[in-house]
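> Protein sequences, first through last, are from chains A and B. First residue of the first sequence: -18, per this note's numbering; consecutive thereafter. First residue of the second sequence: 14, per this note's numbering; consecutive thereafter. Virtual Cβ for every residue (Gly too), placed ideally from N, Cα, C. Source: prediction; values computed, not measured. Sharing a structure, written as structure tokens. Questions coming.
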Amino acid sequence: QDNEAIAYSQYPRPADLPQENSDLPELEDIKVMGYSIRSSNYRYTLWVAFNPSNFTSDFQNVHGGELYLLQSDPREDNNLYSNHTFADVNKTLF
Amino acid sequence: APIGRSVSGHMNVLFIVIDDLRTTLGCYEDPLVKSPNIDQLASRSTRFQNAFAQQALCAPSRTSFLTSRRPDTTRLYDVGSYWRNHAGNYSTLPQYFKMNGYTTMSVGKVFHPGIASNHSDDYPYSWSMVPYHPSTEEYENRKTCKGKDGQLHANLVCPVNVTEVPEGTLPDIQSTEEAIRLLKSVQNSTEPFFLAVGYHKPHIPFRYPQEFLKLYPMENITLAPDPDIPKRLPSVAYNPWTDIRKREDVQALNISFPYGPIPKEFQLLIRQSYFASVSYMDSQVGKVLSSLDALGLANNTIVVFTSDHGWSLGEHGEWAKYSNFDVATKVPLLMYVPGLTSSFLKAGEQRFPFIDPFHLPQRQINRGLKTNIVVELVDLFPTLCELAGLAVPQACPEPSFDVELCTQGKSIAKLLHPDAAV
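Set out below in structure tokens:
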């Protein structure tokens, strides 16, 4: 809904797989940025390519996705991003 | 002056920010944690059940909420740059209050130290006087934890006898003393004040007075309800919690990288010490609030209590911030506004008497206001402006790198009204 309260967060990563600097990548090492939107009902996160030299994100280059339905899964344990049932939801949130 | 206002007509602000505090508090319905002083503040405040940081890392989060700009606008995602040089000369929350006649003061960790705040906590832009840092901060990562071998180690789990540590005190105890000293110094000032107090705990290492362990007998400690890495979690979303692996007691466990897991017995120790650190911090907050009360400032001071982000206590196999999970991004947020979230005090009444966590007759029942509306830490800047009666900064245009004063949040002051809250 247009007036839905939303919170945004983001987190950077240097690579798709966990490595020594995954927690705290320095700016020049950031390759992926995880952008989240969350309401009281869901959290949707896209991990997309990030260019640290010009601070741009490429939302066509998706490295991973997360979708949690918080009413039924408040601890965020069941990622539904790849579940075909929610393809339309993913498309809308994108 | 109107009731509850200073001579200038504006309320004072006490801004308390905690490091790595998730919503593991009594007032957020945690069944185990003892946080009676924060719960008491909550009972006089509006409690935000769904408040979120913009990034689960200290420097980007603090820079974000203190400038009311998101990390893509501060261009700070690590700890390596100062926004005024690197992104734009954005005004900060305390700077704006200072520009509007407030005496602004910083105690402890408010801005992230180092280059992220120009090695000065953004002084003199943001503060009327040089920010205070406890002298014992330098010992936080030193070998001050007594091990079973009787030697001193740089451990993660580090309950201490305060009389035996360097200088015989701890950083947050020193910050409390300085905050109280500053409150006394501005008690009768004609100018309103904005006092920011940043506490270090429960940030790692869990170095706290050992008596707080008594509040958490090991038989009461449980593991995280979902301690495994979710099967369909993309690998890029996982963080390998490298900082705790560097502590001596964790190194000795020979945990495999990157997924671990940590032995269950040690998971319980971590959780126990996180909770004990929270109770220690709660007592420090309680001492500042009771001083505010004793000095007669509880009727004309807005109190904001929040954290820079959360921390995963074993949920999803993680032991850190560094993610987009709710446990890492959700923060406690309490706003006390005399006359709004609580009635004005009558003569002789106490609003925030100190509560000793070791002598709790029974668990307090929270009866404060709460709201479930999703809010963000970038909302703090415009909200505090509105509550204090200052002009609320305009919404930022896109992009806003050349705009010194604007907000990427929105005022949530209206949510504080009893009719808007539950």
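Give the list of continuous alpha helix (DSSP H) stretches no shorter than 4 residues that lie fully inside the region 163 to 201 of chain B.
Fully enclosed alpha helix (DSSP H) runs of 4 or longer: 184 to 199.
> Can you pull the chain B neighbours of residue -9/A, defined as C-beta to C-beta under 9 Å?
Within the first sequence, numbered from 1, the residue matching residue -9/A stands at position 10. Under the 9 Å cutoff, chain B gives 67, 68, 73, 83, 84, 85, 90, 337.
> Hey, which unbroken runs of the alpha helix (DSSP H) at 4 residues or more fall wholly within the region 59 to 144 of chain B?
Qualifying alpha helix (DSSP H) stretches, in chain order: 71 to 80, 84 to 87, 96 to 99, 106 to 112.
> Per DSSP, which residues does residue 344/B bridge with? Please list them.
Position 331 of the second sequence, counted from the first residue, corresponds to residue 344/B. Residue 344/B is bridged to 64/B.
> Using a threshold of 8 Å, state whether the C-beta atoms of residue 67/B and residue 390/B are closer than that.
Taking the first residue of the second sequence as 1, we reach residue 67/B at position 54. Taking the first residue of the second sequence as 1, we reach residue 390/B at position 377. Going by C-beta atoms, residue 67/B is nearer than 8 Å to residue 390/B.
> So, are the CB atoms of residue 117/B and residue 140/B less than 8 Å apart?
Residue numbering aside, residue 117/B sits at position 104 when the second sequence is read from its first letter. Residue numbering aside, residue 140/B sits at position 127 when the second sequence is read from its first letter. Closer than 8 Å, so yes.
> For a cutoff of 8 Å on Cβ pairs, would you count residue 251/B as touching chain A?
Along the second sequence, one-based indexing puts residue 251/B at 238. Yes, its Cβ sits closer than 8 Å to a Cβ of chain A.
> With burial defined as no fewer than 16 other Cβ atoms inside 10 Å of the residue's Cβ, what is the status of residue 336/B: buried or exposed?
Taking the second sequence and counting its residues from 1, the one referred to as residue 336/B is at position 323. Buried is the call here.
> Quick one: does residue 246/B have its CB under 8 Å from some CB of chain A?
If you number the second sequence from 1, residue 246/B lands on position 233. With 8 Å as the cut-off, residue 246/B counts as an interface residue toward chain A.
> By the three-class DSSP mapping on this structure, what secondary structure does residue 229/B have?
Here residue 229/B refers to the residue found at position 216 when the second sequence is read from its first residue. Correct three-state label for residue 229/B: coil.
> Assign residue 312/B to one of two classes, buried (16 or more other C-beta atoms within 10 Å of its C-beta) or exposed (fewer than that).
As a working mapping, residue 312/B is identified with position 299 in the second sequence. Its Cβ being crowded by 16 or more others within 10 Å, residue 312/B is buried.
> Just tell me which of 214/B, 158/B, 78/B has its CA closest to the CA of residue 33/B.
Residue 33/B sits at position 20 when you count from the first residue of the second sequence. Measuring from the Cα of residue 33/B, the nearest candidate turns out to be 214/B.
> Which of the three DSSP states, helix, strand or coil, is assigned to residue 338/B?
Counting from one through the second sequence, the residue named residue 338/B turns up at place 325. DSSP places residue 338/B in coil when its eight states are reduced to three.
> Identify every residue that forms a DSSP beta bridge with residue 272/B.
For the purposes of this step, residue 272/B is identified with residue 259 of the second sequence, where counting begins at 1. For residue 272/B, which the question treats as bridged, DSSP gives no partner whatsoever.
> When the Cα atoms are used, what is the spatial distance from residue 132/B to residue 150/B?
Taking the first residue of the second sequence as position 1, residue 132/B is located at position 119. Taking the first residue of the second sequence as position 1, residue 150/B is located at position 137. Answer to the nearest angstrom: the Cα atoms are 15 Å apart.
> What is the DSSP secondary structure of residue 398/B, counted as helix, strand or coil?
For the purposes of this step, residue 398/B is identified with residue 385 of the second sequence, where counting begins at 1. Residue 398/B: helix per DSSP, three-state reduction.
> In the structure shown, what three-state DSSP assignment does residue 439/B receive?
Nothing about residue 439/B can be reported from this structure: the residues present for chain B run from 14 to 435 only.
> Tell me, please, which residues DSSP counts as bridged to residue 33/A.
Residue mapping note: residue 33/A aligns to position 52 of the first sequence, counting from 1. DSSP lists no partner for residue 33/A.
> Within 10 angstroms of its Cβ, does residue 40/A collect 16 or more other Cβ (buried), or is it exposed?
For the purposes of this step, residue 40/A is identified with residue 59 of the first sequence, where counting begins at 1. Residue 40/A comes out exposed.
> Report the partner residues of residue -14/A according to the DSSP bridge assignment.
Walking along the first sequence from the start, residue -14/A turns up at place 5. Paired residue(s): none; residue -14/A is not in a bridge.
> Given that a residue counts as buried once 16 or more other Cβ atoms are within 10 Å of its Cβ, and exposed if not, what is residue 420/B?
Locating residue 420/B in the second sequence gives position 407, counting from the first residue. It is buried - the Cβ of residue 420/B has at least 16 other Cβ atoms within 10 Å.
> Mark residue 123/B as exposed unless 16 or more other C-beta atoms lie within 10 angstroms of its C-beta, in which case mark it buried.
Here residue 123/B refers to the residue found at position 110 of the second sequence. Flag for residue 123/B reads buried.
> Do you know offhand how far residue 371/B's Cα is from residue 263/B's?
Your numbering for residue 371/B matches position 358 in the second sequence. Your numbering for residue 263/B matches position 250 in the second sequence. Those two C-alpha atoms are separated by around 30 Å.
> Does the distance from the CB of residue 143/B to the CB of residue 220/B come in under 8 Å?
Counted from its first residue, the second sequence places residue 143/B at position 130. Counted from its first residue, the second sequence places residue 220/B at position 207. Not in contact: residue 143/B and residue 220/B (Cβ atoms no closer than 8 Å).
> How about residue 39/A: is its C-beta nearer than 8 Å to some C-beta of chain B?
The residue labelled residue 39/A in the question sits at position 58 within the first sequence. With 8 Å as the cut-off, residue 39/A does not count as an interface residue toward chain B.
> Tell me the rounded alpha-carbon separation between residue 63/A and residue -7/A.
Taking the first residue of the first sequence as position 1, residue 63/A is located at position 82. Taking the first residue of the first sequence as position 1, residue -7/A is located at position 12. Their backbone Cα atoms lie some 22 Å apart in a straight line.
> Who are the Cβ neighbours of residue 38/A in its own chain at under 6 Å, not counting the five residues just before and after it?
Your numbering for residue 38/A matches position 57 in the first sequence. If we look at residue 38/A and ignore the five residues flanking it on each side, its Cβ neighbours are 14, 29, 31.
> Which whole-angstrom value is the C-beta distance of residue -2/A and residue 248/B, which I expect to be below 8 Å?
As a first step, residue -2/A must be located in the first sequence, where it is residue number 17. As a first step, residue 248/B must be located in the second sequence, where it is residue number 235. The pair is a contact, with the Cβ atoms about 5 Å apart (cut-off 8 Å).
> Three-state secondary structure (DSSP) at residue 15/B?
As a working mapping, residue 15/B is identified with position 2 in the second sequence. Below a pLDDT of 50, predicted positions are generally treated as unreliable, and residue 15/B, at 41, falls in that range; the measurement from the model is reported next regardless. Residue state, collapsed to three classes: coil.
> Go through its chain and collect everything with a Cβ distance to residue 192/B's Cβ below 7 Å, but skip five positions before and after it.
Numbered from its first residue, the second sequence carries residue 192/B at position 179. Here the set comprises 120, 208, 210, 301.
> Using the beta-carbon count (16 or more within 10 Å), is residue 343/B buried or exposed?
Residue 343/B sits at position 330 when you count from the first residue of the second sequence. Answer is buried; the Cβ neighbour count reaches 16.
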